[in-house]
Amino acid sequence: MLNTVYRLVAPRRFEVAFNDIDLQKGQVVVRPTYLSICHADQRYYQGTRPIEVMKQKLPMALIHEGLGEVVYDATGTFQSGDSVIMIPNIPKEKDAVIAENYLRSSKFRASSYDGFMQEHVALEPDRVIPLDSSVDKVVAAFTELVSVSVHALCRFDSIAHQRRNVIGVWGDGNLAYITAVFFRAMFPAVSLYVFGVHQEKLSQFSFADGTFLVTDIPPDLSVDHAFECVGGEASQRAINQIIDHICPEGTISLLGVSEYPVPINTRMVLEKGLRIFGSSRSGRDDFLKTVSLYRSHPEIVGYLSNIVGAQIEIRTIADMNRAFETDIHKSIGKTIMIWNK
Amino acid sequence: MVFGVILAGGNEQSMEEAKQYKMLGSKPVLVHTIEKFYIHEKLKKILVLCPERWLDDTQKIMERYFPVGKERIVLTKSGDTRNETIMNGVAFIEEHYGLDEDTLIVTHDSVRPFVSYRIIEENIAYGLKYGVVDTVVPASDTLVYSEDGTEITSVPKRSVMYQGQTPQTFRAHKLRELYQRLSDKEKTVLTDACKIFVLNGEKVYLVEGEIFNIKITYPYDLKVAESLMIL
Chain A
87 MLNTVYRLVA PRRFEVAFND IDLQKGQVVV RPTYLSICHA DQRYYQGTRP
137 IEVMKQKLPM ALIHEGLGEV VYDATGTFQS GDSVIMIPNI PKEKDAVIAE
187 NYLRSSKFRA SSYDGFMQEH VALEPDRVIP LDSSVDKVVA AFTELVSVSV
237 HALCRFDSIA HQRRNVIGVW GDGNLAYITA VFFRAMFPAV SLYVFGVHQE
287 KLSQFSFADG TFLVTDIPPD LSVDHAFECV GGEASQRAIN QIIDHICPEG
337 TISLLGVSEY PVPINTRMVL EKGLRIFGSS RSGRDDFLKT VSLYRSHPEI
387 VGYLSNIVGA QIEIRTIADM NRAFETDIHK SIGKTIMIWN K
Chain B
2 MVFGVILAGG NEQSMEEAKQ YKMLGSKPVL VHTIEKFYIH EKLKKILVLC
52 PERWLDDTQK IMERYFPVGK ERIVLTKSGD TRNETIMNGV AFIEEHYGLD
102 EDTLIVTHDS VRPFVSYRII EENIAYGLKY GVVDTVVPAS DTLVYSEDGT
152 EITSVPKRSV MYQGQTPQTF RAHKLRELYQ RLSDKEKTVL TDACKIFVLN
202 GEKVYLVEGE IFNIKITYPY DLKVAESLMI L
C-alpha cells in the first residue's frame, strides 16, 4: 500500500515521498494520531547537527515519540481502532545480556530509519504497546521519553547501593521533570531534591522534598545518588557539581545528551569511588513498565499533563513547520502534533 | 452499509495499455488503489468495476495480491460511461447485499493510488452525515473561462475555485433516483455525478483533497509517481 512519508530533506524543509507497505507481511499498520517533538528532532530540523551527520541522515522522517491507532493487523494481535504506543527502537538480533536499545545493530526511528511523520507506520507486533483508553492521549504521545526515564530508574535500582536516604535530580527541563515524577512514584520513601537554574521551572516540582538553584546549593548538602538530566553545554558544570555533592560510592545516572565530549573531575570520581552509568533510549520492557505505572499510579498522568505545551493540529506541511517553530520558542513543555494526515 | 467503489473502466484495446494495470513499483496501480480502501474497516466490500473482457485477468491479479481477505474485494463489469459504471455498481450492491436509503458508496478513480487514509475517512464520515461528498483541492492555477476556445469570456475569482478529485461519495439510492430522472441527452452531458446533485438543488459537502492525490492519466504522470517512491 502506498504510504505518504513526510521527510525532512534540508533544515526547515519537509517534502512528501511514498513507500510501499506490504499488507501481507504480518506487520501492524498504525495511523499516527499524536506525535511529540523531541530535542533530537529539533537538532535535525534546525540543522544544528554536524554537516556530515545531516548529509548522511537526510532525507528522513522525524519524530520517535508517538501514539497511534491500529488500522490493519494481519496478525490478529490488535483490533482496528486500538490506541497504541509505537516503539521507535527496531532490534535486528536478540542478545541474552545486552538490552535491545544498546545493541549496535538496532535501528532507531528518526535517527537511522524514517520516524513517525507518516500517514501510516508499519510495525512488527512487538513494537506496538496497547494503551488503556483512560490515559490522556496527549500525555501518552511522549511515552517514549517517559520510558527512557523509567529505563534509567530501573537500571539505577539494580546498580546503586541500598543507602538511599536522599537522591538528587539535576535539571529543570522536561526530562528532569519526568524522571523526578517517576522517581517519586517508584521510590516513595526516598527524599527527592531537584537542582535547576530557573526558579519558575523548579516551582513545578511540587512533589519534591526540596528544590535548589544550582547557584545557591548549601555547601554541606549531600545526596546518596544523583540523576543528571541537563545535557548540552551545561553537562560539564552539572556533572562536576554532582561529583562535589554526592556521598562516597554514590551512583550517578547520566541522561543528558551532549554533542561534545564533556571533561569531568575524574580525580574525585576515583577518590569517592563513584559509579557513573549512562542510559539512552529504551526497549519494549521499559514501555510495558511505563504503561503499567500509568495504570497503578494514575496521578502520574496528571503530573505529566503539566508539561504539555502547544497542541497543534497537522493537516498540511505548513502546519508541520508551524509546530516545529512553536516548539523552538517554548521555555518548557512538550509540543504535541495532533496528526491528521 | 458503506461500500468502496473503484472505477476501473477503460476504452483501451488491451490491459497493457490501460493505466490502472501499469506497474508502479512492484504492483499494478489498481492494486495500490484497492489497498488504500482495503484497510478501511468501515467498508463492507470493495467493488471493482472493470471492462467485462478483463474480469478474469483482474480476478487473477486480486488472487495474487490479496491471498488473504480477497473475499472483501468483488469484481463486476463497468459501463460505457463513468456514471453507467457507477450505476452498475449500485445495481450489483442491490442484487447481492440489498440497498436502503442509507447505503453509501465511496466512488474512486482506480488511477488515483495516492489517495490518503484521511481523505477516505472524511468521505465516509461526511457522507454518512450529509449524503453527498466531493473531494477537492484549491485551484492553484488561474482558471480561464472561454465559450468559444478563442477568446476569454471571463476569469473567475481563483480563491473560490477548486479542482475536483475523487473519492466522490453518495447515498446510492438517491444517486440512482436522480440519475434515472435524467434524459438520455443529459446523461451524456452530466459526466460528473456530483453535478447531478447540484443541479437538483442538493447540497454537496467538500472534503479537502491532497495535491499528490494525482490521477495517472499520461505516461508523464507515471514517471512523476515513480519519482516520488522511496526505493
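Chains A and B supply the protein sequences, listed in that same order.
In short: position in the first sequence from 1, add 86, done, that's our numbering.
In short: position in the second sequence from 1, add 1, done, that's our numbering.
Ideal Cβ placement from N, Cα and C applies to all residues, glycine included.
Contacts of MET162 of chain B in chain A (Cβ-Cβ under 9 Å): Chain A residues near MET162 of chain B: none, gap ~19 Å exceeds 9 Å.
From the beta carbon of ILE40 of chain B, is the nearest beta carbon of chain A less than 9 Å away? yes
Burial state of TYR146 of chain B (16 or more Cβ within 10 Å): exposed
Going along the chain, which residues of the stretch 195-206 of chain A sit with their C-beta nearer than 9 Å to a C-beta in chain B? ASP200, GLU205 and HIS206
Given that GLY26 of chain B touches chain A, what residues does it touch there, using C-beta distances under 7 Å? ASP106
Okay, do the stretch 112-120 of chain A and the stretch 208-228 of chain A touch, 3+ Cβ pairs below 8 Å being the bar? yes
My output table needs one value for PRO304 of chain A: the three-state DSSP class, helix, strand or coil. coil
C-alpha gap between ALA126 of chain B and LYS416 of chain A, whole angstroms: 36 Å
Among B:VAL156, B:VAL133 and B:THR151, which residue has its Cα nearest to the Cα of ALA140 of chain B? B:VAL156
Would you say ILE231 of chain B faces chain A, with C-beta separation under 9 Å as the test? yes
Taking only the alpha-carbon atoms, compute the straight-line gap between LEU88 of chain A and ILE107 of chain A and give it to the nearest angstrom. 6 Å
Distance between ALA324 of chain A and TRP256 of chain A (C-alpha atoms, nearest Å): 7 Å
ILE215 of chain B to SER192 of chain A span [Cα, whole Å]: 37 Å
Quick one: is ARG408 of chain A near chain C, going by C-beta distance under 9 Å? Among the protein chains of the structure shown, namely A and B, there is no chain C.
Using 9 Å as the threshold, is the C-beta distance between PHE363 of chain A and ILE332 of chain A below it? no
Which chain A residues sit within Cβ distance under 7 Å of ARG119 of chain B? ASN426 and LYS427
Chain A beta carbons: is any one of them nearer than 9 Å to that of HIS33 of chain B? yes
Taking contact to mean 3 or more Cβ pairs, one atom from each stretch, closer than 8 Å, check whether the stretch 262-281 of chain A and the stretch 345-353 of chain A are in contact. no
With a 10 Å radius around its C-beta and 16 neighbouring C-beta atoms as the bar for buried, classify PRO334 of chain A as buried or exposed. exposed
Between TYR120 of chain A and chain B, is the shortest Cβ-Cβ distance under 9 Å, so that the two count as touching? no
Give me the chain B residues within the contact set of ALA160 of chain A, using Cβ-Cβ distance strictly less than 7 Å, ordered along the chain. VAL69
Beta-carbon proximity list for ARG129 of chain A, same chain, < 7 Å, skipping 5 on both sides: ARG135
Within 9 Å of any Cβ in chain A, is that where the Cβ of GLU64 of chain B sits? no
When you compare each of B:GLY80, B:LYS61 and B:LYS78 to LYS71 of chain B by their alpha carbons, which one comes out closest? B:LYS61
Does VAL157 of chain A come within less than 9 Å of chain B when only Cβ atoms are used? yes
Rounded Cβ spacing between SER166 of chain A and GLU42 of chain B (contact assumed at less than 8 Å): 4 Å
Could you pull the DSSP bridge partners for GLY154 of chain A from this structure? A:PRO118 and A:VAL170
Who are the neighbours of GLU72 of chain B on chain A, taking C-beta pairs under 9 Å? Per Cβ cutoff of 9 Å: no residues; GLU72 of chain B is ~14 Å from chain A at best.
Am I right that HIS174 of chain B and GLU102 of chain B are in contact with their C-beta atoms under 8 Å? What's the rounded C-beta distance? 5 Å
Contacts of SER166 of chain A in chain B (Cβ-Cβ under 7 Å): GLU42
Nearest-angstrom Cα distance between ASN260 of chain A and LEU148 of chain A? 19 Å
Counting only beta-carbon separations shorter than 9 Å, does ALA182 of chain A have a partner in chain B? no
Within its chain, find whatever has a CB closer than 7 Å to the CB of ASN426 of chain A; leave out the 5 residues flanking it on each side and keep chain order. GLU399, ILE400 and ARG401
If we count Cβ pairs, one from each stretch, closer than 8 Å, do we get three or more for the stretch 144-159 of chain A versus the stretch 109-117 of chain A? yes
For ILE217 of chain B, count neighbouring C-beta atoms within 10 Å of its own C-beta (all shown protein chains included) and say buried if the count is 16 or more, exposed if not. buried
Any beta-carbon of chain A closer than 9 Å to the one on PRO139 of chain B? no
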